[in-house]
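Protein chains in written order, with our numbering: chain X, 24 to 325; chain R, 287 to 359.
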Amino acid sequence: MSTAVSGGVMEQVGPNIIHHVTNSDIAHPILHLPTIFGIDFSVTKHVFMLWLVALLVSVTVIIPVRRYVNGKKMIPSGLANLIEMVIVFIRDSIVRPNVGTRWVNTWSPLIFTLFFFILFSNAIGMIPIFDVLGLLDRFALNTQADSMVNHLLHGGTTATGNFNVTGALAVVTFFTIMIAGTKAHGFIKHWKNLVPHGLAWPVYIILIPIELMGLIVKPFALTMRLAANMTGGHIALLALLSLMAIFGEMFHSTAAGVGVAFVAVPMAVAISGLEIIVILVQAYVFTLLTAVFVGMAINVHH
Amino acid sequence: MEMQATIFLPIGMGLIVIGASLGIGKFASAAAESIARQPEAADKITAAVNLPLFLLEGVAILAEVFTFLMLIL
Numbered sequence: 024m025s026t027a028v029s030g031g032v033m034e035q036v037g038p039n040i041i042h043h044v045t046n047s048d049i050a051h052p053i054l055h056l057p058t059i060f061g062i063d064f065s066v067t068k069h070v071f072m073l074w075l076v077a078l079l080v081s082v083t084v085i086i087p088v089r090r091y092v093n094g095k096k097m098i099p100s101g102l103a104n105l106i107e108m109v110i111v112f113i114r115d116s117i118v119r120p121n122v123g124t125r126w127v128n129t130w131s132p133l134i135f136t137l138f139f140f141i142l143f144s145n146a147i148g149m150i151p152i153f154d155v156l157g158l159l160d161r162f163a164l165n166t167q168a169d170s171m172v173n174h175l176l177h178g179g180t181t182a183t184g185n186f187n188v189t190g191a192l193a194v195v196t197f198f199t200i201m202i203a204g205t206k207a208h209g210f211i212k213h214w215k216n217l218v219p220h221g222l223a224w225p226v227y228i229i230l231i232p233i234e235l236m237g238l239i240v241k242p243f244a245l246t247m248r249l250a251a252n253m254t255g256g257h258i259a260l261l262a263l264l265s266l267m268a269i270f271g272e273m274f275h276s277t278a279a280g281v282g283v284a285f286v287a288v289p290m291a292v293a294i295s296g297l298e299i300i301v302i303l304v305q306a307y308v309f310t311l312l313t314a315v316f317v318g319m320a321i322n323v324h325h
Numbered sequence: 287m288e289m290q291a292t293i294f295l296p297i298g299m300g301l302i303v304i305g306a307s308l309g310i311g312k313f314a315s316a317a318a319e320s321i322a323r324q325p326e327a328a329d330k331i332t333a334a335v336n337l338p339l340f341l342l343e344g345v346a347i348l349a350e351v352f353t354f355l356m357l358i359l
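Below, the structure written as structure tokens:
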């Protein structure tokens, strides 16, 4: 990301915001990895954040849980206690009412994984640690413009803000639905359960294409809902903060920019508060909808 | 063509968002009324309202995303 002033502030604001929320260029990745089967495996900004989130989730969840499972105490303490609270809440209010008591233990681990991964990934996107480190690097350390450290410090980002990431999660949901239905009813019967039985045959001509489209549209909606919520929040935040630069440029004085800061920054704080609520809600909604779709495949509605 | 797109796309998005918010408002008011009638069923009613609420919110978000995409491309 160039720091040279190439135009007025007005021309720079838009591309700046777009750079913040989209993935880094595949031609300038953080770490060059070879191209296997035509897919470039280089590590870009979002891929790095994915790895970071995976590492953090594993460390935060696996270590306390293993310590509790292999220990002697009946009652978990510390972090394991908190994790147990969350897990019991998810299992009893999301998984069990939808999936049914028989299959709770089969599908709960997947639902927990989805919930924790999405929650952590959304939340880490809100912490501007990489931007702070980038500031430090620019003014204190001055590493080379092309080094890996410099690329790393161009800002962290929300991994789930990229629709490819959420698309991968939705693909997991898609196959989970099929596997859940197959396990519960058998392969052929799962597909026959797609449409309700006992209707007049002309209805089936319309109903079957609609249900088949629904198979694709439901994971697609899951994808776009999560990605759009995350990206939209960040774009709103960045646009508000860019107001300071825009006003400073429009009136050609620093005082105007600073004056607007007294309005823009509190509004940005409010939007960040809303973002925290949106993070929790979006993780909950993705998990809930996955559980509902799995439940619909297992307990045939109607 | 660009001129017409820039004018009509946001109008379309506004219409979709109006539809979605009217639907959500109706949901919320029906839920509030039924909880007022029968406070013991508050949990079940919340659980029943939860799902369509988020599906409808997804509709509004999808409208935003597609508008943005069509304006860019």
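Glycine is no exception: its CB is placed at the ideal position from the N, C-alpha and C atoms.
Which residues bound the alpha helix (DSSP H) around residue i?
| i | result |
| --- | --- |
| R/A292 | At residue 292 of chain R the sequence reads Thr, which differs from the Ala that was named. Looking at the DSSP string, the run of the alpha helix (DSSP H) that includes R/T292 is 288-323. |
| R/L339 | 328-358 |
| X/V118 | Run containing X/V118: none; DSSP gives neither H nor E here. |
| X/T10 | For chain X, the structure presents residues 24 to 325; residue 10 of chain X sits outside this window and is missing. |
| X/F60 | Premise fails: X/F60 is in no alpha helix (DSSP H) and is neither H nor E. |
| X/P132 | 127-149 |
| X/I300 | 277-321 |
| X/L73 | 68-92 |
| X/N104 | 102-113 |
| X/F153 | 152-159 |
| X/I53 | Taken as a continuous stretch (DSSP letters only), X/I53 belongs to no alpha helix (DSSP H), as it is neither H nor E. |
| X/S265 | 224-273 |
| X/V44 | 32-44 |
Excluding the 5 residues flanking residue i on each side, which residues of the same chain have their C-beta closer than 6 Å to its C-beta?
| i | result |
| --- | --- |
| X/V127 | V118, R119 |
| X/L263 | A287, M290, A291 |
| X/A207 | I321 |
| X/L14 | Since the first and last residues shown for chain X are 24 and 325, residue 14 of chain X lies out of range. |
| X/I302 | N145, A146 |
| R/G309 | L342 |
| X/G204 | H213, A320 |
When burial is assigned at 16 or more other CB atoms within 10 Å of the CB, is residue i buried or exposed?
| i | result |
| --- | --- |
| X/S29 | Reliability of the predicted coordinates at X/S29 is poor, the pLDDT of 49 falling under 50, and the value obtained from them is presented with this limitation in mind. By the neighbour-count rule (16 or more Cβ atoms within 10 Å), X/S29 is not buried but exposed. |
| R/A291 | exposed |
| R/M356 | exposed |
| R/E343 | buried |
| X/Y307 | buried |
| X/P232 | exposed |
| X/Y91 | buried |
| X/M72 | buried |
| R/P325 | exposed |
| X/A163 | exposed |
| X/W130 | buried |
| X/Q305 | buried |
| R/M351 | In the sequence as displayed, the identity of residue 351 of chain R is Val instead of Met. Counting Cβ neighbours within 10 Å, R/V351 comes out buried, since at least 16 surround it. |
| X/V82 | exposed |
| X/F285 | exposed |
Under 8 Å: does the beta carbon of residue i sit that close to some heavy atom of the ligand MG?
| i | result |
| --- | --- |
| X/A284 | Although the ligand MG was asked about, the structure shown includes no ligands whatsoever. |
Rounded to the nearest angstrom, how far is the Cβ of residue i from that of residue j, given a contact under 8 Å?
| i | j | result |
| --- | --- | --- |
| X/F309 | X/L137 | 6 Å |
| X/I200 | X/A320 | 5 Å |
| R/T306 | R/V335 | The question names Thr, yet the displayed sequence has Ala at residue 306 of chain R. Wrong, their Cβ atoms sit about 15 Å apart, outside the cutoff. |
| X/N216 | X/V323 | 5 Å |
| X/G148 | X/M253 | 7 Å |
| X/I59 | X/L261 | Not quite, the Cβ-Cβ distance comes to about 35 Å (not below 8 Å), so this is no contact. |
| X/H257 | X/V44 | 5 Å |
| X/A146 | R/I347 | In fact, because the Cβ distance is near 19 Å, the residues do not count as touching under 8 Å. |
| X/F197 | X/P132 | Actually they do not touch by this definition, with Cβ atoms about 18 Å apart. |
| X/V12 | X/L266 | Residue 12 of chain X is absent from the model: chain X starts at 24 and stops at 325. |
| X/A268 | X/V36 | 7 Å |
Within its chain, find whatever has a CB closer than 7 Å to the CB of residue i; leave out the 5 residues flanking it on each side and keep chain order.
| i | result |
| --- | --- |
| X/H69 | N46, T180, A182, N185, V188 |
| R/P338 | F313 |
| X/G271 | T277, A279, G280 |
| X/T67 | N46, S47, I49, P52, I53 |
| X/S65 | I49, P52, L54, H55, L56 |
| X/A361 | The structure shown does not extend to residue 361 of chain X, since chain X is modelled only from 24 to 325, so the question has no answer here. |
| R/V303 | A346, A349 |
Return the chain-ordered list of same chain residues with a C-beta closer than 8 Å to the C-beta of residue i, the five sequence neighbours on each side being excluded.
| i | result |
| --- | --- |
| X/L235 | L217 |
| R/I358 | none |
| X/V80 | F139, F140, F143 |
| X/I152 | G179 |
Examine the Cβ distances between the segment 267-280 of chain X and the segment 107-115 of chain X and report whether three or more of them are shorter than 8 Å. At 8 Å Cβ cutoff, the stretches do not touch.
Evaluate contact between the segment 307-315 of chain X and the segment 116-130 of chain X, counting only Cβ atoms and requiring at least three cross-stretch pairs below 8 Å. Contact between the segment 307-315 of chain X and the segment 116-130 of chain X is present, because at least three Cβ pairs lie under 8 Å.
Given 8 Å as the limit, is there contact between the segment 243-259 of chain X and the segment 193-204 of chain X, that is, 3 or more CB pairs closer than that? The segment 243-259 of chain X, when compared against the segment 193-204 of chain X, does touch it at the 8 Å Cβ threshold.
Whether or not the segment 96-109 of chain X and the segment 289-305 of chain X are in contact is what I'm after, with contact meaning three or more pairs of Cβ atoms, one per stretch, closer than 8 Å; do they touch? At 8 Å Cβ cutoff, the stretches do not touch.
Under 8 Å, with one C-beta from each stretch per pair, do the segment 316-330 of chain R and the segment 293-301 of chain R reach the 3-pair mark? No, they do not touch.
Using 8 Å as the threshold, is the segment 131-147 of chain X in touch with the segment 210-228 of chain X, meaning 3 or more CB pairs across them? No, they do not touch.
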